[in-house]
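Reading the sequence shown from the start, the letters are residues 1 to 1073 in UniProt numbering. These notes concern the structure reproduced below.
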Amino acid sequence: MAAGIRTERRPTMKRLLFLFLAISCLVQSVAISEDRFPLDWQNETTIAKGKMPARATSYSYSSTDEALAGNRARARMISLNGDWKFRFVADSNDRPVDFFQADFDASDWDSLAVPSSWEVKGYGTPIYTNATYPFAADPPRIDRTNPVGSYRRDFDIPATWQDMRVVLHFGGVSSAFYVWVNGELAGYSQGSRLPAEFDVSDLVKEGPNQLAVQVFRWSDGSYLEDQDMWRLSGIHREVLLLAEPKVALDDFFVRTKFDEDLQDAKLQIRPKIARIQNASTDGWNLSAQLFDADDQAVLAEPLSIPVNKIVKEWYPQRDTVPFGLLEANISKPEKWSAEKPYLYSLVFSLTDPKGGLAESRSCRVGFRQVEIDSSGALMVNGRAVKLMGVNRHDHDHIEGKALTRDDMREDVRLMKRFNLNSVRTSHYPNDPYFYELCDQYGIYVMDEANVESHGVRGLLVNTPSWHYAINERIIRMVERDKNHPSVISWSLGNETGCGPIHAAAAHWIKDFDPTRFVHYEGAQGDPNSPDYIPGGGNQSQRWDVMANPNDPAYVDVISRMYPTVKQLQNLSEAPHIRRPIVMCEYAHAMGNSLGNLAEYWDVIRSKPNLIGGYIWDWVDQGLLTTNDDGDEYFAYGGDFGDTPNDSNFCLNGVIASDRSPKPQTWECKYVFQPVAFESIDLSVGKIRLINRFNFKNTAEYQIRWQLSENGLDVAHGELPSLEVSPGQGRVMTIPYSQTPMRPDAEYWLRVSLHEKRPQLWCDAGFEIAKEQFRVSPDGPVVSTFVSAKAPSTEYTDQRITISGDRFEADFDRKSGDLVRYEINGTDLLKSPMRMNFWRPQTDNDRIGGKTHKNQAFWMELADKLQTKRVEAKVQVDQTVKVAVRKALGEQVVIDIDYFINGDGDIKVGIRFVADPSLPPLVRLGMTVGISDEYADIQYYGKGPWENYNDRSRSAEVKVHDAAISEMAENYVRPQENGNRTQIRWIKFSGKVPTLRIQGESPMAFSIWPWSAENVSQAKHTYELKPQGFYTLNLDHRQMGVGGTDSWSPKALPIKKYQIPAGTYVWSFVLDMR
1 MAAGIRTERR PTMKRLLFLF LAISCLVQSV AISEDRFPLD WQNETTIAKG
51 KMPARATSYS YSSTDEALAG NRARARMISL NGDWKFRFVA DSNDRPVDFF
101 QADFDASDWD SLAVPSSWEV KGYGTPIYTN ATYPFAADPP RIDRTNPVGS
151 YRRDFDIPAT WQDMRVVLHF GGVSSAFYVW VNGELAGYSQ GSRLPAEFDV
201 SDLVKEGPNQ LAVQVFRWSD GSYLEDQDMW RLSGIHREVL LLAEPKVALD
251 DFFVRTKFDE DLQDAKLQIR PKIARIQNAS TDGWNLSAQL FDADDQAVLA
301 EPLSIPVNKI VKEWYPQRDT VPFGLLEANI SKPEKWSAEK PYLYSLVFSL
351 TDPKGGLAES RSCRVGFRQV EIDSSGALMV NGRAVKLMGV NRHDHDHIEG
401 KALTRDDMRE DVRLMKRFNL NSVRTSHYPN DPYFYELCDQ YGIYVMDEAN
451 VESHGVRGLL VNTPSWHYAI NERIIRMVER DKNHPSVISW SLGNETGCGP
501 IHAAAAHWIK DFDPTRFVHY EGAQGDPNSP DYIPGGGNQS QRWDVMANPN
551 DPAYVDVISR MYPTVKQLQN LSEAPHIRRP IVMCEYAHAM GNSLGNLAEY
601 WDVIRSKPNL IGGYIWDWVD QGLLTTNDDG DEYFAYGGDF GDTPNDSNFC
651 LNGVIASDRS PKPQTWECKY VFQPVAFESI DLSVGKIRLI NRFNFKNTAE
701 YQIRWQLSEN GLDVAHGELP SLEVSPGQGR VMTIPYSQTP MRPDAEYWLR
751 VSLHEKRPQL WCDAGFEIAK EQFRVSPDGP VVSTFVSAKA PSTEYTDQRI
801 TISGDRFEAD FDRKSGDLVR YEINGTDLLK SPMRMNFWRP QTDNDRIGGK
851 THKNQAFWME LADKLQTKRV EAKVQVDQTV KVAVRKALGE QVVIDIDYFI
901 NGDGDIKVGI RFVADPSLPP LVRLGMTVGI SDEYADIQYY GKGPWENYND
951 RSRSAEVKVH DAAISEMAEN YVRPQENGNR TQIRWIKFSG KVPTLRIQGE
1001 SPMAFSIWPW SAENVSQAKH TYELKPQGFY TLNLDHRQMG VGGTDSWSPK
1051 ALPIKKYQIP AGTYVWSFVL DMR
């Protein structure tokens, strides 16, 4: 039989026997005892059949020009993406057993797009769970009905592929599958986040062919895929047919190594050759040329090596061979970094004995060096780098795990726009295209293996029969992604305990690839250390100073999850820690969260051995669906009837499920901005620009400034480019003082840095950094509250009415609340103005903070307050004062004084006194219902996005205009939202008289179309029902949202953003001017 594609097929006894065995394999659950002969998908020692070894991603081209261009549409490749015939069964016992036969009739089957996750297409149930397995944990058995999807499609093999090796490539299939070609079994694979490739050269023929795939939702491999995500199934990454010559460049590993001065570098290449049926390689030759970013050749002559020297390489008895079979010295190459991701192209040419080109392949090369210095700093190309990262799951709000290339490009584009420079591929390798984008755009990658057994903790890594499966996943990841300059770290997995297989895998990596650091957070505690605390003990009580007290030597960094800011600082100062410290997860961004991010980074930037961290996580994992009434909403755990589930614990994104920015996103951009501004002498406009870049001079950017007077722009300009080297600072002078300034106005100076030229991820002029400085004395200017004549006062049994020419204000004599505020015959109030001490719980409040228990006193206080006094009296300034006292015994006493002038303006002054022994307050303010005929809002304070006292550095003090309908933030699970801080005044306008609220000191506010009770009780956005008026919250203070974790007491805001019980005084004015 000729090598390569066969032109005809004749049954043989061997093939018939193979077919019989394949069918027997499918039905063995009926015919054979599983205990004696376990199914492949319930056997941890069977992870693949017929699957090719892992290799770096590359494509075979017929010309070097095409390889250099790297347009894979011109490669020897056929995409099998598209519509496939599909049959779903809910129980593996009902799966079709003969559907792979070439003459099987699947005409009545459904059509299903590939790639896709079949649950989001209506087959089976999406399941969201964090750590609990979706089946009873009894590894390797699957004690749950196991759904199966069977796929079929036809494809054609062109005549030009005659005598070539044909490889069938599956980018990702969840969780285990068999594949048949033309009725014959090609192989089996599990491990749903890495490619499975099968050599099908002997199974395909020229012309029409038939492909069949059977996918099992659960397998023993699922025990290693217990990540915090939606559990979705199917062929979720691309399917390709790849053609390669009979002698082919099967794989290659490219390294770059700099000299001690980091000036000149060595390019090192180790190629691997594949041969069909041991084809002769006599006379074959492999050459390689390096091209710069302008496609100009770098080497005077291509590197070259006879193929025989590769395939017949001699290995010594002791030591080993040098890495580089091909090497070249490169003089002063352009370096790759996240800031300056310069890429070369390496093009291979494989020629036959006659000199003809058999194939050409290429890859991008970035010259960069990753090291750890003696201070514990992470060094890239000799500069200390901080990782401003996020954890990223594959997730699309419509397609589930099946992301398009555009989706991945948008992720990277957004990361760059919001000043993120790193990503952890939590907790599995991503699609190869994502790494290409990170190479191209400039993102540091912590590449993480698809190994997590959270539900059984460290059981599997300490069970020898599982070691091969675990190690194989780690090694295949490294083999696939080894040539990406963006990958600076290999992570052994996540939350799998700690065992000898981790040590083995780490040492294999260090030997195979010494150019990157090894990470694994689970490797905590070194039994050889004298102060070691055994696992399961109270390590957390000693981590502040001990860090248990060190980690095994095979990990290069000390990795921790969710330390507090103080714990992080203490870790950095622990004398026994000599390695870099990274937070592989921190700042759990669940719901309305991500407070105190700036405090984390104040500490990180002050300590060289704190190298940064990865926020949990990148995108909310909501799935867009509709309820019975046709309302669209983002679903979370339990919404599909999925059990078990972890509710909305999947909603932790820095960006929303549809990839729109959230208020938290803007805070990230500010905290991570690569330039800082520091006031030196604002009276003469002197400001220091601090360059946080590692490799860029600020001369590449444009500096702009704006001066605002009482929140409105009155002057602006640009400055000449400022030369500031990385890590340095320089004072500049902004000529704002040339603008005349009024003594009775408030002025703010805004300085910003902008791209001069368009980038892959933004247009020219894009803002990358900013700062605001107050350049007038503290304290907003408030007009004097006076009255030309006293309004009239009337009493009834229920009300005190204060009235003037165009207004009436009613106070309830029992409660003391302002219940009516009528202007020109229109009542602006739709519910009374009452004291407010509570907020609809955020996820942090509800889960970890347990404010409903720990701060329940404040939840119930508004209804428990007793009114002690309601009195009205004309004052000497011709205002009427309505004095109200409310109290709860001696614990809380509140005096509320309303001053009403003849124009109908009302000044509200509050003195609040609470026993200091009471728990901290959640909020302190007032709430009132106002007319929903108001349509627009203007406010002077921090905005435009939602902000809280611990998440407000990105917001700016200015006059903001918005529609009231845009002021609420629709979190997927409704909760406290829409707050704005540092508010001077608010103005509402619409079909009713304009209402202006002036703070006599900065205040906070939020406005919703729903009641607080509705927000508190709703679990989905469609449960929010507009009440016919707006809820307006006017706060003196509100505690922060927190930003450490969401499940422990650390979920509460750090102490400086809490509100201790005590004495507080504030006032504001309802102004009708």
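Note that the Cβ used here is the ideal one computed from N, Cα and C, for glycine as well.
Give, in chain order, every unbroken run of the beta strand (DSSP E) that is at least 3 residues long and sits entirely within the stretch 913 to 974. 923 to 931, 934 to 943 and 956 to 963
Beta strand (DSSP E) runs wholly inside the stretch 204 to 287, at least 3 long, in chain order: Listed in chain order, they are 207 to 216, 229 to 231, 239 to 244, 247 to 258 and 265 to 275.
Would you tell me roughly how many angstroms separate the C-alpha atoms of Pro306 and Lys354, rounded to the nearest one? Start at 1 with the first residue of the sequence shown, and residue 306 comes out as number 306. Start at 1 with the first residue of the sequence shown, and residue 354 comes out as number 354. Rounded to whole angstroms, Pro306 to Lys354 spans 13 Å at the Cα level.
Among the residues of its own chain, which have a CB less than 6 Å from the CB of Glu767, if the five just before and after it don't count? Translated into positions along the sequence shown, residue 767 becomes position 767. Here the set comprises Ser752 and His754.
Span of the beta strand (DSSP E) holding Arg750? Position 750 of the sequence shown, counting from 1, holds the residue named residue 750. Annotation for Arg750: the continuous beta strand (DSSP E) segment containing it runs Tyr747 to Glu755.
Hey, quick one: how far does the beta strand (DSSP E) through Ile372 stretch, first residue to last? Counting from one through the sequence shown, the residue named residue 372 turns up at place 372. Start and end: Val370 to Ile372.
Any chance the stretch 439 to 453 sits against the stretch 113 to 129, with 3 or more Cβ pairs inside 8 Å? no
With DSSP as the reference, identify every bridge partner of Ser174, one or two as the case may be. Position 174 of the sequence shown holds residue 174. Partner(s): Gly234.
I want to know whether the stretch 955 to 962 touches the stretch 707 to 719 - three or more CB-CB distances under 8 Å. Result yes; three or more Cβ-Cβ pairs closer than 8 Å.
Do Ala186 and Phe177 have their C-beta atoms closer together than 7 Å? Start at 1 with the first residue of the sequence shown, and residue 186 comes out as number 186. Start at 1 with the first residue of the sequence shown, and residue 177 comes out as number 177. Going by C-beta atoms, Ala186 is not nearer than 7 Å to Phe177.
Throw me the rounded Cβ distance for the Lys696 and Pro726 pair, which I believe falls under 8 Å. Reading the sequence shown from its first residue, position 696 is the one you call residue 696. Reading the sequence shown from its first residue, position 726 is the one you call residue 726. 6 Å between Cβ atoms; contact.
Is the CB-CB distance between Val619 and His427 below 7 Å? Against the sequence shown, residue 619 aligns to sequence position 619. Against the sequence shown, residue 427 aligns to sequence position 427. Cβ distance not < 7 Å, so Val619 and His427 don't count as in contact.
Contact between the stretch 1004 to 1017 and the stretch 974 to 986: three or more CB pairs below 8 Å? yes
Measure from the C-beta of Glu822 to each C-beta in chain B and report whether the shortest distance is under 7 Å. The structure shown contains no chain B; it holds only a single protein chain.
In whole angstroms, give me the CA-to-CA distance for Pro153 and Ser107. In the sequence shown, residue 153 corresponds to position 153, counting from 1. In the sequence shown, residue 107 corresponds to position 107, counting from 1. The sequence as given places Arg at residue 153; Pro does not occur at that position. For Arg153 and Ser107, the distance between alpha carbons rounds to 11 Å.
Measure the alpha-carbon distance for Asp642 versus Thr851 and round it to whole angstroms. To locate residue 642, count along the sequence shown from 1; it is residue 642. To locate residue 851, count along the sequence shown from 1; it is residue 851. Straight-line Cα distance between these residues: approximately 28 Å.
Quick one: what does DSSP say Val445 is sitting in, helix, strand or coil? Reading the sequence shown from its first residue, position 445 is the one you call residue 445. Of the three classes helix, strand and coil, the one that applies to Val445 here is strand, per DSSP.
Report the residue ranges of all beta strand (DSSP E) runs contained in full by the stretch 673 to 737; include only those spanning at least 3 residues, in chain order. 675 to 681, 686 to 691, 701 to 709, 712 to 719 and 729 to 733
Taking its Cβ as the centre, do 16 or more other Cβ atoms sit within 10 Å of Pro575, making it buried, or is it exposed? Here the question's residue 575 lines up with position 575 in the sequence shown. Counting Cβ neighbours within 10 Å, Pro575 comes out exposed, since fewer than 16 surround it.
Per DSSP, what kind of secondary structure is Gln891 in: helix, strand or coil? Sequence index remark: in the sequence shown, residue 891 carries index 891 (1-based). Shown here, Gln891 sits in coil according to DSSP, grouped into three states, outside any helix or strand.
Identify the residues that DSSP records as bridge partners of Glu767: which are they? Here the question's residue 767 lines up with position 767 in the sequence shown. Partner(s): His754.
Which whole-angstrom value describes the C-beta separation of Pro920 and Met1039, a residue pair presumed to lie in contact below a C-beta threshold of 8 Å? Stepping through the sequence shown from its first residue, residue 920 is reached at position 920. Stepping through the sequence shown from its first residue, residue 1039 is reached at position 1039. About 7 Å separates the CB atoms of Pro920 and Met1039; that is less than 8 Å, so the two are in contact.
Cβ-based burial, Thr320 [other Cβ within 10 Å; buried from 16]: By one-based count along the sequence shown, residue 320 stands at place 320. Answer is exposed; the Cβ neighbour count stays below 16.
Supposed close pair Asp294, Leu68 - CB separation, criterion 8 Å: By one-based count along the sequence shown, residue 294 stands at place 294. By one-based count along the sequence shown, residue 68 stands at place 68. Actually they do not touch by this definition, with Cβ atoms about 11 Å apart.
Report yes if the CB atom of Trp490 is closer than 7 Å to the CB atom of Ile470, and no otherwise. Residue mapping note: residue 490 aligns to position 490 of the sequence shown, counting from 1. Residue mapping note: residue 470 aligns to position 470 of the sequence shown, counting from 1. Result no, Cβ atoms of Trp490 and Ile470 do not sit closer than 7 Å.
Count the other CB atoms within 10 Å of the CB of Asn970; is the residue buried (16 or more) or exposed (fewer)? By one-based count along the sequence shown, residue 970 stands at place 970. Exposed.
Name the DSSP beta bridge partners of Ser1001, please? Position 1001 of the sequence shown, counted from the start, is the residue given in the question as residue 1001. According to DSSP, Ser1001 bridges with nothing at all.
Cα-Cα separation, Lys881 to Gln875: Numbered from its first residue, the sequence shown carries residue 881 at position 881. Numbered from its first residue, the sequence shown carries residue 875 at position 875. C-alpha separation (whole angstroms): 7 Å.
Reference Lys51, options Asp105, Glu472, Trp284 and Gly400, closest by Cα: Within the sequence shown, numbered from 1, the residue matching residue 51 stands at position 51. When Asp105, Glu472, Trp284 and Gly400 are compared, the shortest CA-CA separation from Lys51 is found for Glu472.
Roughly how many angstroms lie between the CA atoms of Pro777 and Val365, to the nearest whole one? If you number the sequence shown from 1, residue 777 lands on position 777. If you number the sequence shown from 1, residue 365 lands on position 365. Pro777 and Val365 have their C-alpha atoms spaced approximately 55 Å apart.
Proximity to Val892 [Cα-Cα], best of Arg885, Val913 and Thr879: For the purposes of this step, residue 892 is taken as the residue at position 892 of the sequence shown. Taking only the C-alpha atoms, the option nearest Val892 is Val913.
Let me make sure I understand the geometry here. Which of Ser815, Ala715 and Arg237 has the alpha-carbon closest to that of Thr867? As a first step, residue 867 is located in the sequence shown; it is residue number 867 there, counting from the start. Ranking the options by Cα distance to Thr867, first place goes to Ser815.
Let me make sure I understand the geometry here. Which of Phe785, Glu746 and Leu760 has the alpha-carbon closest to that of Gln772? To locate residue 772, count along the sequence shown from 1; it is residue 772. With distances taken between Cα atoms, Gln772 lies closest to Glu746.
Could you tell me whether the stretch 984 to 998 touches the stretch 588 to 598, where touching means 3 or more Cβ pairs closer than 8 Å? no
Around the Cβ of Lys1056, are there at least 16 other Cβ atoms within 10 angstroms (buried) or fewer (exposed)? Along the sequence shown, read from residue 1 onward, the residue named residue 1056 stands at position 1056. Counting Cβ neighbours within 10 Å, Lys1056 comes out exposed, since fewer than 16 surround it.
I need the DSSP call for Gln1058, collapsed to helix, strand or coil. Counting from 1 along the sequence shown, the entry for residue 1058 is found at position 1058. Reduced to three states, the DSSP call for Gln1058 is coil.
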